[in-house]
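Asks: The following block contains the structure, expressed as structure tokens.
Numbering (our numbering), first residue to last: 11 to 726.
What follows is the structure, encoded as structure tokens:
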């Protein structure tokens, strides 16, 4: 008896933990026999408010257009707009499938017979109103001959590839198109065999992102509903049939059948996340059949996000950005300490005195808000340093980079901008202590479908540099960051949105020693960066069948660096110029992280493991400091970060100021983003009245963007 109980418990436990895949659920049928005769193809407009069905009666082709009161629902509020017979029947005898170009200005119809010479073909009509076939323009129709009994066709996202299912040769053919959605000039690129067996080819289609492909097969004429099947292929490269792998399982539609059925056509509610699919019954009943799916495109299996290069690229980007944030936060502080060393004999330790203009409005506002008034003071003497006085500094950073695609993830284009504001002071032991605030924005485009993420981070850093001998210094810092990331995941026809919070703590320690020969300084250094980042869990919204739920992700950072800085001092009339070069190698020996996530609709879970950044990385920069006796100063540098492989970023640091002895201030700034915004400010205090003249211009913008302002103010 005890053995029976144990077996029973084991069976129950197994059933509870076993995730059984839920098949499609038949929801509704809509009769179209009165409009199209024998239905063959079905599609919706992007919003799901219009449905189009192709068909024929005898040798007379036609297309019916319906309005839907509820998007993508055939259950209620379906009304016929028009049944287009004359224009279609004048060209095609037996339409088989229907598609639109990207903006709905053209409709393409595949047919097995044309009026002219009984030729297989695809015909193209222009529409007066997008996605409205009641405005079809009968003149100027173009017809492109085909062969081998085509029964279904589809295009990739941008219309540069066309795919045709041919019944006679049991093949799917892939063509390259010279012009999007124009089959008049095509080149055969690949062929995939698909044997019909006891069934007959009657439909074909892709998922919107090209990672799944479906073939519809119908009972030939034996009234055997088990021969009505849907086959599924998974593609490792989207819209490349040479990478297609056929799923061993097929879906049989007989469970939804009442009486005999022969199926044709296939489409999804693309605009809602593809959690519904539709096919036609052209046997006893002439129906559009609607099904609910357990997940996006889940006729046989759910989409595997770990096989989607954009999904993987987005997860990798979040991990990479978390590590880069530590470096991007510490670099300005370390640059400050390097600047202090290069200018240790100057009593004016306020450098860069600049106003930044960023294309990011938040950065621009923050820069104007927190730049302290103390920066307008001027002291360019080279007397002994003052102890105990606070010095203020600022640094703007613009970074443009790219990480190339891999076999598992898409390419990532990275644009970053940031501003760092800091203050420090020196004590009588020649130690420098300070703090810095940084606000940064990183925009990353992932892949080619529009997936992206926008990360904003606010960081606080406390730092110290102290001498360890005559020319040896130890730079150390510790800081925290608050992270907010907005994510967009685009599948090609619909997108999902998400928002994620994060917290980060980091520290860095750097030892450097300077060797001086006359005015040439060589400063080798070694550095260790440590950090821990925790990204919150979040759930996507926007598409019920595609929404993913991500668990919390913890990311550790351990980066070691070794490098050297070389600088020189060159005396010029009324000032000095200090060119500098920096070379650095860093090894990312961080532990691997992982991201667990699942479909929000059905709980099917996945894990991305071994998420790592490039181990070997190289950093090089060159620039100069210019300090003049009359109050003008300039700091600029260009930096290149190169990962072993194909990842890199280019950074620009630039700032300048002029403070005259007549209460005048000139400031120039450059935002090295895509448009290269420049701004020039002139300020003067004239007997208590403030005068400000500003001018801005976008150097690289396609649309001219420039302006000038004059401000007059007085304080009471």
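Just so it is clear, CB atoms sit at the ideal spot from N, CA and C, and this is done for glycine as well.
Just so we're clear, the structure is a prediction, and the values are computed from it rather than from any experiment.
Whole angstroms is fine: what's the gap from residue 555's alpha carbon to residue 535's?
Replies: Within the chain shown, residue 555 is the residue found at index 545, counting from 1. Within the chain shown, residue 535 is the residue found at index 525, counting from 1. Whole-angstrom Cα-Cα distance: 53 Å.
Asks: May I ask which residues mark the beginning and end of the alpha helix (DSSP H) holding residue 45?
Replies: Numbered from 1 along the chain shown, position 35 holds the residue referred to as residue 45. Taken as a continuous stretch (DSSP letters only), the alpha helix (DSSP H) holding residue 45 covers 43-46.
Asks: Name the DSSP beta bridge partners of residue 70, please?
Replies: One-based indexing of the chain shown puts residue 70 at position 60. BP columns for residue 70 point to 67.
Asks: Spatial neighbours of residue 533 within its chain, please: C-beta separation below 6 Å, excluding the five flanking residues on both sides.
Replies: What you label residue 533 is simply residue 523 of the chain shown in a count that begins at 1. Take residue 533, set aside five residues on each side of it, and the residues of its chain with a beta-carbon closer than 6 Å to its own are 522, 524, 575, in chain order.
Asks: Report the three-state DSSP secondary structure of residue 87 (helix, strand or coil).
Replies: Translated into the one-based positions of the chain shown, residue 87 becomes position 77. In this structure, residue 87 counts as coil in the three-state DSSP scheme.
Asks: So residue 261 packs on residue 240, CB below 8 Å; how close in whole Å?
Replies: As a position in the chain shown, residue 261 is number 251, starting the count at 1. As a position in the chain shown, residue 240 is number 230, starting the count at 1. The pair is a contact, with the Cβ atoms about 4 Å apart (cut-off 8 Å).
Asks: So residue 97 is in the beta strand (DSSP E); what residue range does that whole segment cover?
Replies: In the chain shown, residue 97 corresponds to position 87, counting from 1. Taken as a continuous stretch (DSSP letters only), residue 97 belongs to no beta strand (DSSP E), being part of the alpha helix (DSSP H) at 96-99.
Asks: Using the three-state DSSP reduction, which class does residue 378 fall into: helix, strand or coil?
Replies: Indexing the chain shown from 1 puts residue 378 at position 368. Reliability fails at residue 378, whose pLDDT of 48 lies under 50, so the model's placement of it is uncertain and the value that follows must be treated cautiously. Correct three-state label for residue 378: helix.
Asks: By the three-class DSSP mapping on this structure, what secondary structure does residue 346 have?
Replies: Within the chain shown, residue 346 is the residue found at index 336, counting from 1. Helix.
Asks: Could you check which residue in 229, 235, 274, 222 has the C-alpha nearest to that of residue 257?
Replies: One-based indexing of the chain shown puts residue 257 at position 247. Checking every option, the nearest Cα to that of residue 257 belongs to 222.
Asks: Figure out for me which residue from 224, 290, 350, 228 has the closest Cα to the Cα of residue 310.
Replies: Numbered from its first residue, the chain shown carries residue 310 at position 300. For the residues 224, 290, 350, 228, the minimum Cα distance to residue 310 belongs to 224.
Asks: Between which two residues does the beta strand (DSSP E) containing residue 456 stretch?
Replies: Translated into positions along the chain shown, residue 456 becomes position 446. For residue 456, the uninterrupted beta strand (DSSP E) segment begins and ends at 442-456.
Asks: Tell me the residue span of the beta strand (DSSP E) that contains residue 475.
Replies: The sequence position of residue 475 within the chain shown is 465, counting from 1. That run of the beta strand (DSSP E) goes 461-477.
Asks: Check whether the stretch 132-142 touches the stretch 107-119, counting contact only when three or more Cβ pairs, one atom from each stretch, lie closer than 8 Å.
Replies: Verdict: yes, contact present.
Asks: Grab me the residues of residue 104's own chain with a C-beta within less than 8 Å of its C-beta, minus the 5 sequence neighbours each way, in chain order.
Replies: What you label residue 104 is simply residue 94 of the chain shown in a count that begins at 1. 50, 66, 69, 71, 121, 122, 123.
Asks: Alpha carbon to alpha carbon, how far is residue 243 from residue 568?
Replies: Walking along the chain shown from the start, residue 243 turns up at place 233. Walking along the chain shown from the start, residue 568 turns up at place 558. The straight-line gap from Cα to Cα measures roughly 42 Å.
Asks: For residue 533, decide whether its Cβ has a neighbour in chain B, counting only Cβ atoms nearer than 8 Å.
Replies: In summary, chain B is missing from the structure at hand, where a single protein chain is found.
Asks: In this structure, how does DSSP classify residue 633 when only helix, strand and coil are distinguished?
Replies: Within the chain shown, residue 633 is the residue found at index 623, counting from 1. Note: residue 633 maps to strand in three-state DSSP.
Asks: To the nearest angstrom, how far is it from the Cα of residue 303 to the Cα of residue 285?
Replies: For the purposes of this step, residue 303 is taken as residue 293 along the chain shown, with counting starting at 1. For the purposes of this step, residue 285 is taken as residue 275 along the chain shown, with counting starting at 1. If I take the Cα positions, the gap works out to 5 Å.
Asks: Within this structure, are the beta carbons of residue 459 and residue 502 separated by less than 8 Å?
Replies: Position 449 of the chain shown, counting from 1, holds the residue named residue 459. Position 492 of the chain shown, counting from 1, holds the residue named residue 502. Yes, these two residues count as a Cβ contact at 8 Å.
Asks: Helix, strand or coil: which one does DSSP assign to residue 224?
Replies: Start at 1 with the first residue of the chain shown, and residue 224 comes out as number 214. Looking at residue 224 - three-state DSSP - the assignment turns out to be strand.
Asks: The beta strand (DSSP E) with residue 504 in it runs from where to where?
Replies: The residue given as residue 504 occupies position 494 in the chain shown. Where residue 504 is concerned, there is no enclosing beta strand (DSSP E), given that its DSSP letter is neither H nor E.
Asks: Under the DSSP definition of a beta bridge, which residues are partnered with residue 214?
Replies: For this step, residue 214 is matched to residue 204 along the chain shown. DSSP output for residue 214 lists 225 as bridge partner(s).
Asks: For the pair the stretch 599-611 and the stretch 632-649, tell me if three or more CB-CB distances fall below 8 Å.
Replies: no
Asks: Please work out which residues of its chain come closer than 7 Å, Cβ to Cβ, to residue 546, disregarding the five sequence neighbours upstream and downstream, and give them in chain order.
Replies: As a first step, residue 546 is located in the chain shown; it is residue number 536 there, counting from the start. Taken in chain order, the residues that qualify are 510, 511, 512, 562.
Asks: In angstroms with no decimal places, state the Cα-to-Cα distance between residue 388 and residue 643.
Replies: Locating residue 388 in the chain shown gives position 378, counting from the first residue. Locating residue 643 in the chain shown gives position 633, counting from the first residue. Its pLDDT being 40, under 50, residue 388 is placed unreliably by the model, and the measurement read from it follows with that caveat. Their Cα atoms are separated by approximately 11 Å.
Asks: Work out the CA separation of residue 417 and residue 318 for me, nearest whole Å.
Replies: Start at 1 with the first residue of the chain shown, and residue 318 comes out as number 308. Start at 1 with the first residue of the chain shown, and residue 417 comes out as number 407. Roughly 10 Å between the two C-alpha positions.
Asks: Who are residue 578's beta bridge partners in DSSP?
Replies: Taking the chain shown and counting its residues from 1, the one referred to as residue 578 is at position 568. 530.
Asks: Please go through the same chain and pick out, in chain order, the residues whose beta-carbon is closer than 6 Å to the beta-carbon of residue 89, but skip the five residues on each side of it.
Replies: On the chain shown, residue 89 is found 79 positions in, with the first residue counted as 1. If we look at residue 89 and ignore the five residues flanking it on each side, its Cβ neighbours are 77.
Asks: Leaving out five residues on either side along the sequence, give the residues of the same chain with a beta carbon under 6 Å from the beta carbon of residue 230.
Replies: For the purposes of this step, residue 230 is identified with residue 220 of the chain shown, where counting begins at 1. Excluding sequence neighbours, residue 230 sits near 210.
Asks: Report the residue from 207, 326, 97 whose alpha carbon sits nearest the alpha carbon of residue 147.
Replies: Translated into the one-based positions of the chain shown, residue 147 becomes position 137. Nearest C-alpha to residue 147: 97.
Asks: State the DSSP-derived secondary structure class of residue 282, mapped to helix, strand or coil.
Replies: Stepping through the chain shown from its first residue, residue 282 is reached at position 272. Of the three classes helix, strand and coil, the one that applies to residue 282 here is helix, per DSSP.
Asks: Using DSSP bridges, identify the partner residues of residue 105.
Replies: Working through the chain shown from its first residue, we reach residue 105 at position 95. The partner list for residue 105 (beta bridge, DSSP) reads 121.
Asks: Mind checking which residues open and close the beta strand (DSSP E) that includes residue 308?
Replies: On the chain shown, position 298 is the one that residue 308 refers to. Per DSSP, residue 308 belongs to no beta strand (DSSP E) and is neither H nor E.
Asks: Name the DSSP beta bridge partners of residue 49, please?
Replies: For the purposes of this step, residue 49 is taken as the residue at position 39 of the chain shown. In DSSP, residue 49 forms a bridge with 65.
Asks: Can you tell which of 543, 580, 423 has its C-alpha closest to the C-alpha of residue 564?
Replies: The residue given as residue 564 occupies position 554 in the chain shown. Closest option to residue 564, Cα to Cα, is 543.
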